[in-house]
Amino acid sequence: MSIFSKISMSNLRPFCTSTSLTPRKAIKVADVQKLKESWLASLTCTPLSPIENPISGSGLDPPRPSTKWVIGVDPDIYGALAVLQYEGDSACSAQVFDSPRLKLVVGGRVRNRLDANSVVQLLRSLEAPAGTTAYLEQSNPYPKDGKQGWWSGGFGYGLWIGILVASGFSVVPVPSLTWKNEFELTGPSSTKDDSRRIASELFPSLSSSLKRKKDHGRAEALLIAAYGKGLKMKSES
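Take 2 as the starting number for the sequence shown in my numbering and just add one per residue.
Pasting the structure below:
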């Protein structure tokens, strides 16, 4: 008699139960919208008075009320943060900062990771008004990225959301296709060089900071911020 025939049938347990085979209920469109609104509300911070402002370094010298701020973030490990300040339809001033990184041994290899403490210090140094909207590229894993790429992308995306909200910013996640469509960067022939070219045209004062191929993170942060600025101006008109 084989060993398998000696096993009592009463000791066997099914690998799945009937409940796991129950079809999922279809989600209503209204429910999807409601869930999205709740998610965005959880990422929105109400502006505080200058004295209460947790973003400003001192709270004693607040920005002029007429000055509007927009932040764009490419959360990739080699991404960047862009800051736009503008008044009405006038030209805006722009700054861009590489995402702070540090090296860490992972699986026997040295890898780059976002430096959370330096990200906090960078945001504080901006002295932006509390409630400033930060447009953050939404993380979407691709099969070709592999496990480390998936983990790193999700880690960076979550880290930026947590720090931005905790620092008093309002976060708006933006799918990459959404902002890229705005600048016609979704075609099969589009490359990161195109992102640098368009960002240089929109922000000529920063063109010298976008010359290298590895500056594509800066370019994309600037374009995300420009996309966000366009949304804000439409909503205010």
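Just so you know, even glycine gets a beta-carbon here, dropped at the ideal spot from N, CA and C.
For residue 159 and residue 132, the rounded distance between their alpha carbons: 19 Å
N- and C-terminal bounds of the alpha helix (DSSP H) containing residue 87: Residue 87 -> not in any alpha helix (DSSP H); beta strand (DSSP E) instead, spanning 81–87.
Residue 197 vs residue 207 beta-carbon contact at 8 Å: no
Selection from 201, 233, 236 that minimises the alpha carbon distance to residue 220: 201
Cβ distance (whole Å) where residue 83 is taken to contact residue 92 below 8 Å: Actually they do not touch by this definition, with Cβ atoms about 15 Å apart.
Residue from 225, 165, 100, 90 whose Cα sits closest to the Cα of residue 177: 225
Proximity of residue 81 and residue 188 at Cβ, strictly below 8 Å: no
Cβ-Cβ distance between residue 113 and residue 78 below 8 Å: yes
Residue 36 burial status per 10 Å Cβ neighbour count (16 or more: buried): exposed
Cβ-based burial, residue 129 [other Cβ within 10 Å; buried from 16]: buried
For residue 195 and residue 203, believed in contact at Cβ under 8 Å, the rounded distance: Not really, about 13 Å apart at Cβ, beyond 8 Å.
Within 8 Å, strictly: CB atoms of residue 288 and residue 73: Here the chain has residues from 2 to 238 only, and residue 288 is not among them.
Runs of alpha helix (DSSP H) wholly within the segment 91–170 (minimum 4 residues, chain order): 117–127, 147–167
Selection from 75, 104, 32 that minimises the alpha carbon distance to residue 222: 75
Cα-Cα separation, residue 216 to residue 192: 13 Å
Between the CA atoms of residue 235 and residue 169 - distance to the nearest angstrom: 24 Å
Residue of 102, 127, 109, 173 minimising C-alpha distance to residue 117: 102
Where the beta strand (DSSP E) through residue 235 begins and ends: Not the beta strand (DSSP E): residue 235 falls in the alpha helix (DSSP H), residues 217–237.
CA-to-CA distance, residue 89 to residue 127, given in whole angstroms: 21 Å
Start and end residues, alpha helix (DSSP H) containing residue 72: Looking at the DSSP string, residue 72 is not in any alpha helix (DSSP H); the run it does join, the beta strand (DSSP E), is 69–75.
Counted within 10 angstroms of its Cβ, other Cβ atoms place residue 69 as buried (16 or more) or exposed: buried
Which residues DSSP lists as bridging residue 174, in chain order: 137
C-alpha gap between residue 121 and residue 165, whole angstroms: 8 Å
With 16 other Cβ atoms within 10 Å as the buried cut-off, status of residue 174: buried
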